[in-house]
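Participant: Handing you this structure, nothing more for now.
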Amino acid sequence: MTSGTKTENGVGETIRVVIHALIIALVIRTFLFQPFNIPSGSMKATLLVGDYLFVSKYSYGYSHYSIPFSPPLFSGRVFGSEPSRGDVVVFRLPKDNTTDYIKRVIGLPGDRIQMKEGLLYINDAPVQRERLPDFVGEDPCGSDATARVKQWQETLPNGVTYKTLDCVDNGFYDNTNVYVVPPGHFFMMGDNRDNSTDSRVLSAVGYVPLENLVGRAQMIFFSIAEGEHAWQVWRWPAAVRWNRMFSIVR
Numbered sequence: 004m005t006s007g008t009k010t011e012n013g014v015g016e017t018i019r020v021v022i023h024a025l026i027i028a029l030v031i032r033t034f035l036f037q038p039f040n041i042p043s044g045s046m047k048a049t050l051l052v053g054d055y056l057f058v059s060k061y062s063y064g065y066s067h068y069s070i071p072f073s074p075p076l077f078s079g080r081v082f083g084s085e086p087s088r089g090d091v092v093v094f095r096l097p098k099d100n101t102t103d104y105i106k107r108v109i110g111l112p113g114d115r116i117q118m119k120e121g122l123l124y125i126n127d128a129p130v131q132r133e134r135l136p137d138f139v140g141e142d143p144c145g146s147d148a149t150a151r152v153k154q155w156q157e158t159l160p161n162g163v164t165y166k167t168l169d170c171v172d173n174g175f176y177d178n179t180n181v182y183v184v185p186p187g188h189f190f191m192m193g194d195n196r197d198n199s200t201d202s203r204v205l206s207a208v209g210y211v212p213l214e215n216l217v218g219r220a221q222m223i224f225f226s227i228a229e230g231e232h233a234w235q236v237w238r239w240p241a242a243v244r245w246n247r248m249f250s251i252v253r
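Note that the sequence shown covers residues 4 to 253 in my numbering.
Written as C-alpha cells, this is what we have:
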C-alpha cells in the first residue's frame, strides 16, 4: 500500500467519525436533551442570566419544533403528554414560531387564572404564598447592578413550591382580568412577576398550544455571572457560579 493510499484511508476514516458524531449529536438533541442558556431575568430567582441548562425533549413527546430548524413535517405531537402545573418549560413563542421562551406552567386547559393585588388566583382560589427574606443580588428589576427585592414562596394546588420576586407593589400585571385557558393550551408565567412578558400579555405571548412545547427544564450544567462570557475561561474562577452547577430545576 502506498503512502498516498494510507493518507486517503485516514482522511476517509476521519470523515466517517465526524459524520457519526454529528448523527449521534443530532439524535441526542432531537430526542433526548437540548442545551439552552438564559438570556433574561424573567425567571429569577429560579433561573439567572448566565445559567446553561439541559431541557428534556422526551418529557412531553415530540412536535416539529423538536427537530432542528423546525421543518413543518407534521402537526400535533408524537408520544405526547401534557405538562404538570408548576413545570418549567421551554416553548416556541406562538406569535412568531421562531423564538424560544422559558416560563413556568401555571394554568392548564380550562383553568381560570387571575392576578389580584399581586396575588395569583387559580380557579377563583388564591394560591398559598409565604414571605421569604428579600432576594439580594443581580438586580431582577433591571435598574441597578444589585438590589434588594421582595421574595415569596408560592405553593400551587398540586403541591409544587417555588420562589417568586415582586419588584414593585401594584405593578402593571398585578391586577388583571380573568384568563380562561382554552382547550389544548397552557398559561405560562415567569417567576420574576413584574419583569416577565408571559401569558398575561395576550398580544405578545398569550396562551401556549401543546404543540409549541419544546421540553422541560431539568438541570443547570453551567452558570456564569451576568455580564460575563463563558468563552473567557481565564475568568472562570471568579465568574462561574459554582454552587449552581448540576442543580435540578424546580
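Glycine included, every Cβ here is placed at the ideal spot set by N, Cα and C. The structure presented is a predicted model; accordingly, all values stated were derived computationally and were not measured.
1) Can you look up Arg253 in the DSSP assignment and give me helix, strand or coil?
2) Count the other C-beta atoms from every protein chain shown that fall within 10 angstroms of the C-beta of Phe189, then say buried if there are 16 or more, exposed otherwise.
3) Measure the alpha-carbon distance for Trp234 versus His67 and round it to whole angstroms.
4) Are the beta-carbon atoms of Gly79 and Val184 separated by less than 7 Å?
5) Could you check whether Lys98 and Met191 sit closer than 7 Å to each other, using their CB atoms as the reference points?
6) Would you grab the beta carbon distance between Ile223 and Val252 for me? Rounded to a whole angstrom, and I think it's under 8 Å.
7) By the DSSP assignment, the beta strand (DSSP E) with Trp237 in it spans what residues?
8) Determine whether the beta carbon atoms of Tyr63 and Leu159 lie at a separation below 7 Å.
9) Return helix, strand or coil for Tyr165, following the three-state DSSP convention.
10) Give the straight-line distance between the Cα atoms of Met248 and Pro143, rounded to the nearest whole angstrom.
11) Around the Cβ of Trp155, are there at least 16 other Cβ atoms within 10 angstroms (buried) or fewer (exposed)?
12) Helix, strand or coil: which one does DSSP assign to Leu213?
13) Quick check: Gly53 and Glu229, are their CB atoms within less than 7 Å of each other?
14) State the Cα-Cα distance for the pair Asp169 and Ala150, rounded to the nearest angstrom.
Facilitator: Here's the rundown:
1) Residue state, collapsed to three classes: coil.
2) By the 10 Å Cβ count, Phe189 comes out buried.
3) Straight-line Cα distance between these residues: approximately 31 Å.
4) Contact flag unset, no.
5) Pairing Met191 with Lys98 gives a Cβ-Cβ distance that is not under 7 Å.
6) Between Val252 and Ile223 the Cβ distance is about 7 Å, and since that is below 8 Å, they are a contact.
7) Bounds of any beta strand (DSSP E) do not take in Trp237, whose DSSP letter is neither H nor E.
8) Taking 7 Å as the Cβ cut-off, Tyr63 and Leu159 do not qualify as a contacting pair.
9) In the structure shown, Tyr165 adopts extended strand secondary structure according to DSSP, grouped into three states.
10) Roughly 20 Å between the two C-alpha positions.
11) So Trp155 counts as buried.
12) Looking at Leu213 - three-state DSSP - the assignment turns out to be helix.
13) Taking 7 Å as the Cβ cut-off, Gly53 and Glu229 qualify as a contacting pair.
14) Cα-Cα distance, rounded: 12 Å.
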